[in-house]
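The sequence shown lines up with residues 30 to 507 when you count with my numbering. Quick notes on the structure that follows.
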Amino acid sequence: MRSPISLVLIASILMAGENHAALADSQTSHQHEASSIQIAQTEIAPRVVKDIQIRFVNDKGKLVDDKGKPIEGRTRRNFILDLLKLKPGQVFRDDVLQADLQRLRRLESFEQVNVSQEADISGINIIYNIKENRFPALKLGGGSNDDIGLYGQIGYEDANISGLNNKLDTTVQISGKDIQFNGEFTSPYREGESNRLGYSIKAFRSRDLSPTFNDEVRLANGDRVREGRFGGSVALLTSLDDLDAAVGLNYTRISLRDRNYDVVQADKFGNPLSVSGTGIDDLFTVSFAVSRDQRDRRENPTQGSILTLSTAQAIPIGLGKISSNRLQGNYIQYLPVSWIGKGRSTDNPEMLAVNLQLGTIIGEFSPADAFDLGGRNSVRGYGSGKVASGRSYGLASVEYRFPIFQSIGGVVFTDFASDFGSGKTVLGQPGVLRGKPGSGFGYGLGLRAKTSFGLFRGDLGISDQGEIRFEVTTGQKF
30 MRSPISLVLI
40 ASILMAGENH
50 AALADSQTSH
60 QHEASSIQIA
70 QTEIAPRVVK
80 DIQIRFVNDK
90 GKLVDDKGKP
100 IEGRTRRNFI
110 LDLLKLKPGQ
120 VFRDDVLQAD
130 LQRLRRLESF
140 EQVNVSQEAD
150 ISGINIIYNI
160 KENRFPALKL
170 GGGSNDDIGL
180 YGQIGYEDAN
190 ISGLNNKLDT
200 TVQISGKDIQ
210 FNGEFTSPYR
220 EGESNRLGYS
230 IKAFRSRDLS
240 PTFNDEVRLA
250 NGDRVREGRF
260 GGSVALLTSL
270 DDLDAAVGLN
280 YTRISLRDRN
290 YDVVQADKFG
300 NPLSVSGTGI
310 DDLFTVSFAV
320 SRDQRDRREN
330 PTQGSILTLS
340 TAQAIPIGLG
350 KISSNRLQGN
360 YIQYLPVSWI
370 GKGRSTDNPE
380 MLAVNLQLGT
390 IIGEFSPADA
400 FDLGGRNSVR
410 GYGSGKVASG
420 RSYGLASVEY
430 RFPIFQSIGG
440 VVFTDFASDF
450 GSGKTVLGQP
460 GVLRGKPGSG
470 FGYGLGLRAK
480 TSFGLFRGDL
490 GISDQGEIRF
500 EVTTGQKF
């Protein structure tokens with residue numbers, strides 16, 4: 030009789046043990062699920078920006094000077110912070126951070142901008158390390174040309190006046206025959222001050238051999254035609270998202286002159302050189318331009334694009350009473366490649382650069398204001414204005430840029446341009462009369478050297494007419 034009781038007791042103990050184990054497993058499972066839920070909630074919790082720090086670095090990449098003091102930049106910190114979309118207290122978003130970084134890199138006053146993050150349980154600190162460009166800069170130069178002979182040149186540039194990215198760029202050129210100048214002050218639109226418009230003021234005086242009325246047909250006295258320009262402009266600037274816009278009022282007096290700089294009215298065949306018939310045309314215009322700049326930086330970009338569309342409506346005031354509308358479009362694309370450079374850091378990064386331009390003029394215009402095609406900034410291998418002088422034009426250029434040494438780069442290029450047969454619609458038909466082909470193609474090789482005085486460019490161009498030209502200037506073609 031005792032055996033059944035023992036069996037029942039043993040069975041009860043075993044069942045109790047199983048239930049206890051099951052209960053323990055159940056509790057562990059629930060704890061694990063709760064822990065998983067808590068971890069998941071921690072992982073998806075939004076990270077908040079705690080602080081944004083602005084630090085300046087010197088030419089050695091150091092944050093402090095020889096005395097251990099932080100590097101002081103010229104740019105106001107509040108100006109930089111106002112440009113940023115990502116603010117303290119906001120939820121961190123990497124896409125907004127990258128957009129802020131590119132916005133700072135496009136400022137002409139900055140040479141280099143890098144960003145880093147410091148994160149902890151309470152949030153994220155964002156740190157910008159900024160190396161400023163060396164401003165102000167004094168530029169000295171000189172040379173000789175066929176119009177004025179020997180000349181000297183002095184320039185002053187500062188793209189960070191008052192620490193607010195205001196820019197002053199002036200150049201004065203002096204020769205035995207003339208004094209020329211070009212000066213512009215720009216106070217850009219600031220995103221942190223939405224009620225304030227930016228503005229620019231410009232004045233200039235220039236003279237040179239005319240690219241429209243060049244050598245093939247001269248004046249009655251045998252001189253080549255000189256083209257003088259004098260004027261100025263004022264413009265209001267604003268921005269909306271990725272678009273920059275400008276509305277301007279512009280004035281230019283265009284005069285055609287001989288070697289002694291006396292005004293002339295016609296060439297040796299009696300063809301008029303100006304709309305007014307006096308040799309002088311006044312051009313008053315109201316202009317509007319909009320651009321979308323998606324380059325990674327303004328100076329020496331490595332990738333991205335910029336599109337600019339513009340129109341200028343002439344008002345019939347002054348000599349010539351010109352009434353016309355000038356329309357232009359300009360698109361540039363930079364495509365990084367690693368065919369030979371293997372992605373190494375250099376002053377001349379490897380890339381394909383493409384430039385497409387279109388333009389036309391509706392109405393009557395001064396022949397000196399035609400679209401002149403050919404030259405170092407148009408179709409290389411041709412002389413200035415030797416391809417065409419037209420009412421309309423199209424231009425396409427492709428460059429393969431590659432590094433040779435740290436500060437030396439090479440270029441393989443090709444250019445093509447056409448006036449689409451519009452040369453015959455220009456007053457006096459200067460392009461047709463001088464035998465300009467109307468379209469032209471050029472190709473060649475070039476060198477780029479980045480120096481403390483800026484970028485120097487040397488291009489050896491070969492035209493489809495067999496002409497070979499080597500020209501040296503400053504800055505990239507585009």
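Heads up, the beta-carbon is just placed ideally off N, CA and C, and yes, glycines get one too.
Taken in chain order, the unbroken stretches of beta strand (DSSP E) that lie wholly in the segment 197 to 234 and span 3 residues or more are 208 to 216.
Listed in chain order, the beta strand (DSSP E) runs fully inside the segment 401 to 452 are 417 to 419, 421 to 432, 437 to 447, counting runs of at least 3 residues.
Remark: three or more beta-carbon pairs, one from each stretch, lie closer than 8 Å, so the segment 321 to 333 and the segment 127 to 141 are flagged as touching. By the neighbour-count criterion, in which 16 or more other beta carbons inside 10 Å mark a residue as buried, V142 falls on the buried side. For E161, the CB contacts under 8 Å within the same chain, skipping 5 residues up- and downstream, are F85, G102, R103, T104, S138, F139, E140, N189 in chain order. For G152, the closest C-alpha among the options I183, G192, L169, R76 is that of R76. Around the beta carbon of L92, a 10 Å sphere encloses fewer than 16 other beta carbons of the protein chains shown; the residue is thus reported as exposed. Comparing C-alpha distances from T443 to each of L364, L424, G457 shows the shortest one belongs to L424.
In the displayed model, T307 falls within coil according to three-state DSSP, outside both helix and strand. The Cβ-Cβ distance between D310 and A397 falls below 9 Å.
In the structure shown, A399 adopts coil according to DSSP, grouped into three states. DSSP places D322 within a strand segment (E or B) once states are collapsed to three. In this structure D111 is exposed. Its beta-carbon is surrounded by fewer than 16 other beta-carbon atoms within 10 angstroms. P330 sits in coil when the DSSP states are folded into three classes, being neither helix nor strand. With contact defined as three or more Cβ pairs closer than 8 Å, the segment 474 to 489 and the segment 448 to 461 are not in contact.
In the three-state reduction of the DSSP assignment, G178 falls in the strand class. L110 carries a helical assignment under DSSP once its states are collapsed to helix, strand and coil.
DSSP places L126 outside any beta strand (DSSP E); the residue lies instead in the alpha helix (DSSP H), whose first and last residues are 123 to 134. Sequence-distant Cβ neighbours of D237 in its own chain, meaning closer than 8 Å and more than five residues away, are N174, D176, R255, E256. Check the Cα spacing between S451 and each of S320, S418, Q435: the tightest is with S418.
Put simply, of N279, E328, D187, F214 the residue whose alpha carbon is nearest the alpha carbon of D376 is E328. The count of Cβ pairs closer than 8 Å, one atom from the segment 332 to 342 and one from the segment 351 to 360, reaches three, so the stretches are in contact. At a Cβ-Cβ threshold of 9 Å, I433 and L387 do not count as neighbours. With distances taken between CA atoms, R282 lies nearest to G261 out of G261, Y290, L272. From the listed residues L385, K371, L312, the smallest Cα separation to E393 is found for L312.
The continuous alpha helix (DSSP H) containing G460 extends over residues 459 to 462. Of the residues assessed, G471 falls on the buried side of the cut-off, its CB having 16 or more other CB atoms within 10 angstroms. Beta-bridge partners assigned by DSSP to P365: M380.
The beta carbon of S468 sits closer than 6 Å to those of S447, all from its chain and outside the five residues before and after it, given in chain order.
Here the C-alpha atom of P378 lies approximately 22 Å from the C-alpha atom of R409. Pairing V427 with L381 gives a Cβ-Cβ distance under 9 Å.
Assignment of beta-bridge partners to E186 by DSSP yields A166, D198. Listed in chain order, the non-local C-beta contacts of G90 below 8 Å within the same chain comprise K160, local neighbours out to five positions each way being set aside.
Per DSSP, the continuous beta strand (DSSP E) segment holding E140 begins and ends at 139 to 149. Residue pairing by DSSP puts Y157 in a beta bridge opposite I83, V144.
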